[in-house]
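Peer 1:
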Amino acid sequence: MNAVEFGADDVTAISAGDDQTAQVWNRDSAEMVRVLADESLTQSIVEPGTGVCTCDTVCTCNTVCSCDTVSVCSCDTVRVCICNTVCTCDSQGGGHYWYPN
Amino acid sequence: MDSAACGAPLLIYSGHTGRVNGVAFDPTGTLVASASDDRTVHLWNLGGERVTTYSWHESAVTAVTFLGQETVVSAAADGEVRVWRVDEGGDIASYELHEARVNDLAVTADGGLVASASDDASVQVWDPLSGAQIAKYRGHGGV
């Protein structure tokens with residue numbers, strides 16, 4: 002990770018990585034809240050419909066994988082990838098992220 | 141037009157012998173901290189005078205920030221983070237939080253928590269007094 006900053010709301014933090022995204026996450030639980038990325042970038046790296054993801058790419062659940070080794074992932078309740086498991090969530094189709102609220 | 145308005149430097153702080161990786165103002169705006177590849181953190185006043193040099197890190201100092209008026213947090217290329225007092229220049233604590241270079245530090249508004257971002261693909265949120273980890277975030281596809 003290259004940079005980090007706390008939000009003024011005492012709830013969130015934001016980080017910047019070499020994957021060309023900024024990610025907003027819950028400061029205390031470390032759960033991802035939102036991925037901020039250039040739309041053209043997300044279109045180019047999402048491969049919908051396979052039901053699996055590798056950890057250097059984007060899960061077909063339309064979330065960013067959070068692990069650092071190649072594996073198959075599933076998604077938790079907010080559709081953040083869980084590594085080394087079989088994908089259990091439905092592909093959302095298309096080339097877009099699904100952003101949990 | 142004054143020199144600040146036209147972008148000219150008001151002061152040049154010179155004293156490090158390596159690349160300067162980070163700088164921070166204290167909350168009152170009267171002290172500046174600078175972190176360098178020369179393994180030191182320098183504290184300067186606004187007159188450009190060096191107040192103290194902190195040289196306890198064993199590798200390049202990559203980030204620095206103030207924790208209130210009296211305490212500084214600095215991080216290094218070996219993954220270590222140190223918390224120390226401005227007036228004494230001595231350690232309050234040192235924590236080996238990361239397995240790789242720490243690139244950035246952030247402090248909550250109340251000074252109660254620190255976040256550190258590292259090349260080990262994680263951000264850790266921790267208590268600067270105890271070193272206790274509050275959260276560990278591993279996003280960005282592991283990078």
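Note that the protein sequences, when read in sequence, are chains A and V. Here the first sequence is numbered in this note's numbering, starting from 2 and rising by one per residue. Here the second sequence is numbered in this note's numbering, starting from 141 and rising by one per residue. Where a beta carbon is used, it is the ideal one built from N, C-alpha and C, also for glycine. Nothing here was measured: the structure is a model prediction, and the numbers come from that model.
Given this structure, state the Cα-to-Cα distance separating PRO167/V from GLU210/V, to the nearest angstrom.
Peer 2: Taking the straight line from one Cα to the other gives about 10 Å.
Peer 1: At what residues does the beta strand (DSSP E) containing GLY162/V begin and finish?
Peer 2: 160 to 165
Peer 1: Is the beta carbon of THR13/A closer than 9 Å to that of VAL34/A?
Peer 2: A Cβ-Cβ contact shorter than 9 Å links VAL34/A with THR13/A.
Peer 1: May I ask you to report which of helix, strand or coil DSSP gives HIS182/V?
Peer 2: strand
Peer 1: Please classify ILE15/A: does DSSP put it in a helix, a strand, or coil?
Peer 2: strand
Peer 1: Could you tell me the alpha carbon to alpha carbon distance between ASP259/V and GLU239/V, rounded to whole angstroms?
Peer 2: If you draw a straight line from the Cα of ASP259/V to the Cα of GLU239/V, it is about 8 Å long.
Peer 1: Closer than 9 Å by beta-carbon distance: list the chain A residues that pair up with SER258/V, in chain order.
Peer 2: MET2
Peer 1: Once the 5 residues before and after ASN185/V are set aside, which same chain residues still bring their CB inside 7 Å of it?
Peer 2: Cβ within range, chain order: THR170, LEU171 and VAL191.
Peer 1: Tell me LEU171/V's beta-bridge partners as DSSP assigns them.
Peer 2: ASN185/V
Peer 1: Compare the C-beta of ASN243/V with all C-beta atoms of chain A and state if any pair is closer than 9 Å.
Peer 2: By this cut-off, ASN243/V is an interface position.
Peer 1: Kindly list the residues whose CB is nearer than 6 Å to the CB of HIS156/V, restricted to its own chain and excluding five residues on each side of it in sequence; keep chain order.
Peer 2: SER176 and ASP178
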